[in-house]
Amino acid sequence: MAVQVQGKQVVASVDISTSAEDTSPAWLLDISGGLTVAVAAQDVIYVFPQVPQVVPVPQTPDHVTGVLVWQQRLVPAIDLGMYLDLKQTANDEIQAEVMVLVALAGSKLGALVLRQIPERVDVADSRQCDLPPVLHGWDCLAPSCFMHEVRGVVPILDLNTVFGRNLKTEIKD
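Rendered as structure tokens:
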């Protein structure tokens, strides 16, 4: 479709597919260990283009990188790949490039360490799939997943579980 605007031709993209399937917006998050996970679009409050200052907290587990200050609130930051003991890749040895601030229940906040800027996608219900056997222990952490055309199976995180429970006791090997 082409539209004329003050003598200039502007080309607009129009989706002419006949599929009227509803979709839900989500963010794809690349965590350490080479895994991509997803969260609902409304759960991401802010994407830090560079890792903000994170203050280490003594006597916290290795996966808790520390806390950051967001609008006069202390926000815990975690490296989910490290916590889940995912096999680290050579790229994971490089410091994280990005963090996202996420909303949790009860107006709580959390931050996730990422390897790159998250990607916004629309997910159709027809893309829903079962967790692969390698991720069956994730049932409490990712109650659902979907098949992405490029990235394969993508678990959808329950952020309240990620930040609210002792995952080591709930994730089955």
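Under the working numbering, the sequence shown has 119 at position 84, and the numbering climbs by one with no breaks.
Each residue gets a CB set at the ideal place from its N, CA and C atoms; glycine is no exception.
In this text the structure is predicted, and so the values were computed from the model without any measurement.
Judged by their CB atoms, P153 and L176 are not nearer to each other than the 9 Å cut-off. For G145, the uninterrupted beta strand (DSSP E) run begins and ends at L144 to L149, by DSSP.
Pairing A146 with Q94, the inter-Cα distance amounts to about 19 Å. DSSP places L109 within a strand segment (E or B) once states are collapsed to three. Taking 9 Å as the cut-off, the beta carbon of L119 is found no closer than this to the beta carbon of G69. Under the three-state reduction of DSSP, T196 is assigned to helix. The stretch 150-168 makes contact with the stretch 181-199; the number of CB pairs closer than 8 Å reaches 3 or more. Looking at the backbone, the Cα of Q88 and that of L103 are separated by about 6 Å. Measuring C-alpha to C-alpha distances from K143 to each of L63, I80 and A73 identifies I80 as the nearest.
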